[in-house]
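Report on the following structure.
Number of protein chains: 2
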Amino acid sequence: MRKDLPMDPKDYLPHIAYDSVIVGFSGDELRILIMEYHNTGLFALPGGFVGVNENLNDSVRRGLEERTGLADIYLEQFYTFGNAKRNKPAPMKKILEANGITPEDNHWLLDRFISVAYYALINYKNVMPTPDVLSDSCTWYPIDKLPKLIFDHADIVTKAIETLRDNLDRKLVGMNLLPKKFTMKELQQVYESILGTKLRRTTFQRKMLASDVLVRYEKQYSGGAHKAPFLYSFKKQNRVYTKVKSMRNGFSAGIGHNNFFTDSLLSKK
Amino acid sequence: MRKDLPMDPKDYLPHIAYDSVIVGFSGDELRILIMEYHNTGLFALPGGFVGVNENLNDSVRRGLEERTGLADIYLEQFYTFGNAKRNKPAPMKKILEANGITPEDNHWLLDRFISVAYYALINYKNVMPTPDVLSDSCTWYPIDKLPKLIFDHADIVTKAIETLRDNLDRKLVGMNLLPKKFTMKELQQVYESILGTKLRRTTFQRKMLASDVLVRYEKQYSGGAHKAPFLYSFKKQNRVYTKVKSMRNGFSAGIGHNNFFTDSLLSKK
DNA sequence: TTTATATTGTCTCAATTTGTAACAATAATA
DNA sequence: TATTATTGTTACAAATTGAGACAATATAAA
Chain A
1 MRKDLPMDPK DYLPHIAYDS VIVGFSGDEL RILIMEYHNT GLFALPGGFV
51 GVNENLNDSV RRGLEERTGL ADIYLEQFYT FGNAKRNKPA PMKKILEANG
101 ITPEDNHWLL DRFISVAYYA LINYKNVMPT PDVLSDSCTW YPIDKLPKLI
151 FDHADIVTKA IETLRDNLDR KLVGMNLLPK KFTMKELQQV YESILGTKLR
201 RTTFQRKMLA SDVLVRYEKQ YSGGAHKAPF LYSFKKQNRV YTKVKSMRNG
251 FSAGIGHNNF FTDSLLSKK
Chain B
270 MRKDLPMDPK DYLPHIAYDS VIVGFSGDEL RILIMEYHNT GLFALPGGFV
320 GVNENLNDSV RRGLEERTGL ADIYLEQFYT FGNAKRNKPA PMKKILEANG
370 ITPEDNHWLL DRFISVAYYA LINYKNVMPT PDVLSDSCTW YPIDKLPKLI
420 FDHADIVTKA IETLRDNLDR KLVGMNLLPK KFTMKELQQV YESILGTKLR
470 RTTFQRKMLA SDVLVRYEKQ YSGGAHKAPF LYSFKKQNRV YTKVKSMRNG
520 FSAGIGHNNF FTDSLLSKK
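In order, the protein sequence lines correspond to chains A and B. According to the numbering used here, the first sequence is numbered sequentially starting from 1. According to the numbering used here, the second sequence is numbered sequentially starting from 270.
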């Protein structure tokens, strides 16, 4: 939804939308940004439309910046949802009517839409979500306590988390969910939140340090009644938007214990 | 492109297309199906459009069946290409004119298109590609010897192979590129073709057998001047279209040697 | 028929990585 | 000053992988 309501159908590609699953880490759990449209009781992922002359990825980046005020966010396209019946006209009609628009039955926003879905990773603390003109609120919800969402948005969230988990070791997940400097425990909590399981502390630390992607700083005096942890940051070579080739040498994505690691088969002959 | 040329714009969603990277394994290398449009010298991936009431995935499956004659093909959506300038009107105009259509400048096929890209894995030997009415030929090309392709189709192929490589251990790659029964060597060749490297024979065999996804059959007398290899097939539990959950316990996707395997960190406490 | 050859399947053992627990260091609290 | 929780590191056993050796054997060559 753009702010220049009502939108002119000539400005946007028909039948094409995007939705974004904006993921933040609150210190102990993953949260997702959900919009509530006013006077409707309807909850949805923040989404939008593609300008007629706008690159798809640019339109998503623009929409994200409008909603969160943040630029340079880590964004990843993960799936395009294209079922013919995925969006129903009724909820959209309700949203438009709640905003003083009485759409005719052939209004372009009531048509079928294909939605390209993205997930975004951001440092929760840096963001002050502000609802746009269509929305009452723009709120962080823990992933296991989401309200009922319109259309197939619940499926979109599920697939986003699944993809995030699959990509955990290959993409810049921790880097984008945490502040610049963080403790090893915080990094481990990010991994545990995404995987949904506990990890072994000593092995996690050992392998993270061995993977050579972290820089260690002076200790942090956290105020806890115990030894102070070091602070770490990711090495600069791992840039935002860049798929980490170098991490491919240090990470892998499987879950299990009987592992078939293709990497260990590389012949040296 | 459908066979019912000329296509009625009312039958399809405007601005939305799909393209498919159809991958086959010829015994020693990967090949991709490329169409040549007659009287144009233009080469392209087989693609098509989405019916107004058709699910996106169904339209791709329909198009694939029309081109290869095969149903129940393993299909995976991997990216949606949405740059505003990704398709140029000139080549499309040339294709239409070569088929006796003189499109006006506002013809819907000359508009901007977003393309949802899929890769398909098929057993090369089972397929008899047949060109449709628009095309002169429909030919398997080795991935390193592709002709110059229209639009951004070369990028689409590159991204398809990249995705295939990333998914190698998590998806049903070997199962869908090989015949029902195959030798361990053939399976290894599939892996090597996709990864673009050689793998160690003994370790490959050891881990494949340990992974418990194969069934072994009687030996194959292949005609070679050496010991006959066993034949194998994949266990039935691994169904087409199903992401192999069980393989997650046996496979992982990294490449390298200093591996950070999240799976090995799962806490038992 | 016998020998040679290439490939296959398995095994061995060293090298490396991981699982598990122990332990010292230490910042705040009692 | 003693206590407590957490952190960083180490040690050693267990498991996995790297690298090569070797026997088995289906065909070709002699």
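C-beta atoms are modelled at their ideal positions from N, C-alpha and C, and glycine is treated no differently.
Closer than 9 Å by beta-carbon distance: list the chain B residues that pair up with residue i, in chain order.
i        : result
A/Leu226 : According to the sequence provided, residue 226 of chain A is His. The question's Leu does not apply to it. What A/His226 touches in chain B: nothing, since even the nearest Cβ is about 19 Å away.
A/Pro14  : Leu282, Pro283, His284
Where do the N-terminal and C-terminal ends of the alpha helix (DSSP H) with residue i fall, by residue?
i        : result
B/Glu335 : 325-337
A/Thr158 : 153-166
B/Glu364 : One point to set straight first is that residue 364 of chain B is Ile, not Glu, in the sequence displayed. That run of the alpha helix (DSSP H) goes 358-367.
A/Ile194 : 184-195
B/Lys446 : In the sequence under discussion, the amino acid at residue 446 of chain B is Leu, which differs from the Lys named in the question. Residues 442-446.
Between the beta-carbon of residue i and the beta-carbon of residue j, is there less than 8 Å?
i        : j        : result
B/Ala315 : B/Arg336 : Going by the sequence as given, residue 315 of chain B is Pro instead of Ala. Yes, these two residues count as a Cβ contact at 8 Å.
B/Ser328 : B/Tyr387 : no
A/Asp11  : A/Gly51  : yes
A/Pro131 : A/Glu29  : no
B/Lys488 : B/Ala497 : yes
A/Phe113 : A/His15  : yes
A/Leu214 : A/Val23  : no
B/Tyr486 : B/Phe473 : no
B/Ala367 : B/His307 : yes
B/Trp409 : B/Leu302 : yes
A/Ala84  : B/Glu323 : yes
Give the range of the beta strand (DSSP E) segment to which residue i is assigned.
i        : result
B/Glu487 : 483-488
B/Ala479 : Careful: B/Ala479 lies outside any beta strand (DSSP E), inside the alpha helix (DSSP H) at 470-479.
B/Gly293 : 281-294
B/Val319 : 316-320
A/Tyr124 : Here A/Tyr124 belongs to no beta strand (DSSP E), and DSSP marks it neither H nor E.
A/Met35  : 30-37
A/Ser135 : 135-142
B/Leu418 : Here B/Leu418 belongs to no beta strand (DSSP E), and DSSP marks it neither H nor E.
B/Ala313 : 311-313
B/Phe499 : 499-503
B/Glu373 : Premise fails: B/Glu373 is in no beta strand (DSSP E) and is neither H nor E.
A/Leu302 : Residue 302 of chain A falls outside the range modelled here, since chain A spans only 1 to 269, and no answer is possible.
Give me the Cα-Cα distance between residue i and residue j, rounded to the nearest whole angstrom.
i        : j        : result
B/Arg508 : B/Leu441 : In this prediction, B/Arg508 scores a pLDDT of 42, lower than 50, which makes its location untrustworthy; the coordinate-derived value is nonetheless stated afterwards. Rounded to whole angstroms, B/Arg508 to B/Leu441 spans 8 Å at the Cα level.
A/Asp155 : A/Gly82  : 12 Å
A/Lys180 : A/Ser233 : 6 Å
A/Leu271 : A/Pro89  : The first residue shown for chain A is 1 and the last is 269, placing residue 271 of chain A beyond what the model contains.
B/Gln457 : A/Thr40  : 57 Å
B/Glu334 : B/Glu305 : 18 Å
B/Ser406 : A/Tyr79  : 31 Å
B/Tyr460 : A/Asn123 : 38 Å
B/Thr471 : B/Tyr490 : 21 Å
A/Arg206 : A/Pro9   : 55 Å
B/Lys481 : B/Ile463 : For the record, residue 481 of chain B in the displayed sequence is Asp; it is not Lys. Their Cα atoms are separated by approximately 22 Å.
B/Leu339 : A/Val116 : 28 Å
A/Ala210 : A/Lys198 : 20 Å
A/Gln77  : B/Gly492 : 49 Å
A/Leu149 : B/Lys428 : 32 Å
A/Gly27  : A/Lys125 : 10 Å
B/Ser289 : B/Arg355 : 16 Å
B/Leu282 : A/Glu186 : 46 Å
A/Ser157 : A/Val127 : Reading off the sequence shown, one finds Val at residue 157 of chain A, where the question assumed Ser. C-alpha separation (whole angstroms): 20 Å.
B/Ile370 : B/His376 : 11 Å
A/Thr242 : A/Asp105 : Any reading at A/Thr242 needs caution, since the residue's pLDDT is 26, under 50, leaving its predicted position unreliable; the model's value is listed next. Their Cα atoms are separated by approximately 44 Å.
A/Asp144 : B/Phe318 : 37 Å
B/Phe451 : A/Leu146 : 47 Å
B/Ile342 : B/Arg330 : 8 Å
A/Ser135 : B/Pro398 : 52 Å
B/Glu431 : A/Pro103 : 44 Å
B/Lys362 : B/Lys504 : 49 Å
B/Met516 : A/Gly196 : Summary for B/Met516: the model assigns pLDDT 21, below 50, so the residue's position carries little reliability, and this model does not support an answer.
In chain A, what lies closer than 8 Å to residue i by C-beta?
i        : result
B/Glu334 : Under the 8 Å cutoff, chain A gives no residues; its nearest Cβ is about 18 Å from B/Glu334.
B/Thr349 : Leu56, Gln77, Thr80, Val116
Residues of chain B with CB closer than 7 Å to the CB of residue i, please, in chain order.
i       : result
A/Gly48 : The contacting residues do not exist; A/Gly48 stays about 13 Å from chain B at best.
A/Asn53 : Ala353
Just the chain A side, please: which residues come within less than 7 Å of residue i by C-beta, in chain order?
i        : result
B/Val484 : Within 7 Å Cβ-Cβ: nothing; B/Val484 doesn't reach chain A, min ~17 Å.
Rounded C-beta distance between residue i and residue j? I'm assuming under 8 Å.
i        : j        : result
A/Met175 : A/Met208 : The Cβ separation is near 12 Å, so there is no contact.
A/Leu177 : A/Leu121 : 5 Å
A/Leu42  : A/Ile95  : 6 Å
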